[in-house]
Amino acid sequence: MSTHLPPLFALLVTLVMMVPAAHASEDAGVPVADAGTIPPTPLALALAATPEQALPDAVTAADPDALEIALPGLGQTPAAAWAALRLGRLYLHRRQFGEAREFLAFAAKGPEVVAKRAQDSLSRLDLRGQSRPNRVGALLPLSGPYGKIGKAALEAIRLGLTDTGIELVIADTRGDASHAPIALESLVYDKHVSAIIGPIGSIESYAAAQMAERLEVPIMLLTAREKITQVGTWVFRHRLTRSVQAQAVARHAVEDLGLKRFAILYPKSRYGRDMMTAFWRTVERLGGEVR
Numbered sequence: 195m196s197t198h199l200p201p202l203f204a205l206l207v208t209l210v211m212m213v214p215a216a217h218a219s220e221d222a223g224v225p226v227a228d229a230g231t232i233p234p235t236p237l238a239l240a241l242a243a244t245p246e247q248a249l250p251d252a253v254t255a256a257d258p259d260a261l262e263i264a265l266p267g268l269g270q271t272p273a274a275a276w277a278a279l280r281l282g283r284l285y286l287h288r289r290q291f292g293e294a295r296e297f298l299a300f301a302a303k304g305p306e307v308v309a310k311r312a313q314d315s316l317s318r319l320d321l322r323g324q325s326r327p328n329r330v331g332a333l334l335p336l337s338g339p340y341g342k343i344g345k346a347a348l349e350a351i352r353l354g355l356t357d358t359g360i361e362l363v364i365a366d367t368r369g370d371a372s373h374a375p376i377a378l379e380s381l382v383y384d385k386h387v388s389a390i391i392g393p394i395g396s397i398e399s400y401a402a403a404q405m406a407e408r409l410e411v412p413i414m415l416l417t418a419r420e421k422i423t424q425v426g427t428w429v430f431r432h433r434l435t436r437s438v439q440a441q442a443v444a445r446h447a448v449e450d451l452g453l454k455r456f457a458i459l460y461p462k463s464r465y466g467r468d469m470m471t472a473f474w475r476t477v478e479r480l481g482g483e484v485r
């Protein structure tokens with residue numbers, strides 16, 4: 195276990211340091227002009243003629259750059275509110291928080307359904323600055339069928355953070371993929387953590403990764419799930435995947451030991467099939483044979 199703690203800590207420090215760099219700047223926002231003096235663009239005319247119930251889909255389908263150009267020509271209409279809401283969320287996703295606040299504030303003056311969503315985004319934007327750089331969340335299955343695994347992981351994390359000055363806040367996923375993102379959201383907005391370690395299970399890790407990417411908080415997953423880091427730029431994994439493990443064994447057998455013929459015994463489970471497939475393919479790619 196101890197051989198993995200230094201890289202774990204180093205990566206954790208890197209994740210924590212991402213937060214101030216990403217969240218520190220809230221540049222002056224892009225002003226949303228009033229209508230009346232700016233000729234409407236073709237997109238503005240199309241949105242103005244769109245029934246209100248169809249506006250969310252129409253705004254979502256529009257090109258963001260064209261939408262921003264069209265916005266001043268929409269005045270204080272429901273179409274303008276929906277357009278501002280989408281632009282505000284796009285700027286929020288791009289971490290351009292000043293612009294995001296300007297558009298969301300404009301949208302918050304629109305119809306009730308738009309205003310509620312805009313206010314929710316504004317509230318979350320206000321909470322972003324409250325994260326504490328030395329506070330990290332541990333998101334683990336501490337109860338339920340995987341409780342023993344989660345508790346063992348928690349002890350390892352505590353050991354790795356000994357004498358680092360990093361405060362650890364713990365949340366239980368219960369091994370439940372539907373609860374993991376809820377617990378993660380609470381860690382970010384209620385406990386103000388700046389980074390998260392965990393979860394462990396494949397499905398709960400994917401659910402947590404999606405939420406972490408949406409909230410733009412660094413997360414270091416302890417799952418072996420393939421390609422999970424492709425969820426987004428805020429998602430990291432501190433565990434070898436099954437394919438990497440099987441490929442390493444195959445390369446050692448063929449290249450280091452000089453073996454060429456193999457038979458495979460594997461458990462009839464997803465884990466076993468994944469390992470078998472990766473091992474088989476690697477052996478054949480290296481010129482070996484599986485019988």
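Numbering-wise (the working numbering), the sequence shown opens with residue 195 and increments by one. Ideal Cβ positions, reconstructed from N, Cα and C, are used throughout, including at glycine. Being a predicted model, the structure only gives us computed values, none of them experimental.
Which residue comes first and which comes last in the beta strand (DSSP E) that contains residue i?
i, result
"V429", "V429 to R431"
"L415", "I413 to L415"
"I391", "A389 to I391"
Would a C-beta distance cut-off of 8 Å place residue i and residue j closer than the cut-off?
i, j, result
"S151", "S317", "Here the chain comprises residues numbered 195 to 485, so residue 151 is not present and cannot be evaluated."
"I413", "A402", "yes"
"L416", "A347", "yes"
"F291", "L319", "yes"
"A472", "Q441", "yes"
"G395", "Y465", "no"
"I376", "A332", "no"
"P272", "E293", "no"
"D426", "E398", "Looking at the sequence itself, residue 426 is Gly, so the reference to Asp does not match. No, these two residues do not count as a Cβ contact at 8 Å."
"V308", "L268", "no"
"A457", "R431", "no"
"P250", "L334", "no"
"K462", "G482", "no"
"L298", "A275", "no"
"G344", "D370", "no"
"T244", "I263", "no"
"M405", "L378", "yes"
For my contact list, residue i and residue j are in at a C-beta cut-off of 8 Å; report their separation, rounded to the angstrom.
i, j, result
"R384", "L336", "Correcting the residue type first, residue 384 is Asp in the shown sequence and not Arg. So it is not a contact: roughly 18 Å between Cβ atoms."
"R382", "I360", "Contrary to the premise, residue 382 reads as Val rather than Arg in this sequence. In fact, because the Cβ distance is near 16 Å, the residues do not count as touching under 8 Å."
"L409", "E449", "Going by Cβ atoms, the distance from L409 to E449 rounds to 44 Å, so no, they are not a contact pair."
"R445", "D468", "About 17 Å separates the two Cβ atoms, so there is no contact after all."
"V443", "W428", "No, V443 and W428 are not in contact; Cβ-Cβ is about 32 Å, not under 8 Å."
"A277", "L241", "7 Å"
"L355", "L362", "6 Å"
Between which two residues does the alpha helix (DSSP H) containing residue i stretch?
i, result
"I397", "S396 to L409"
"I376", "A374 to Y383"
"E296", "F291 to A301"
"I263", "P258 to A264"
"A472", "R464 to R479"
"V438", "R436 to R445"
"G267", "Looking at the DSSP string, G267 is not in any alpha helix (DSSP H), and its letter there is neither H nor E."
"A238", "P236 to A242"
"G282", "P272 to H287"
"A255", "L249 to A255"
Quiz item: Which full runs of the beta strand (DSSP E) of 3+ residues lie inside the segment 308–371, going along the chain?
Solution: For secondary structure counted as the beta strand (DSSP E) over 3 or more consecutive residues, the segment 308–371 holds these complete runs in sequence order: 329–334 and 361–366.
Self-check item: Cβ contact check for the segment 252–264 and the segment 278–286: 3 or more pairs under 8 Å
Solution: Flag = yes, the segment 252–264 and the segment 278–286 touch.
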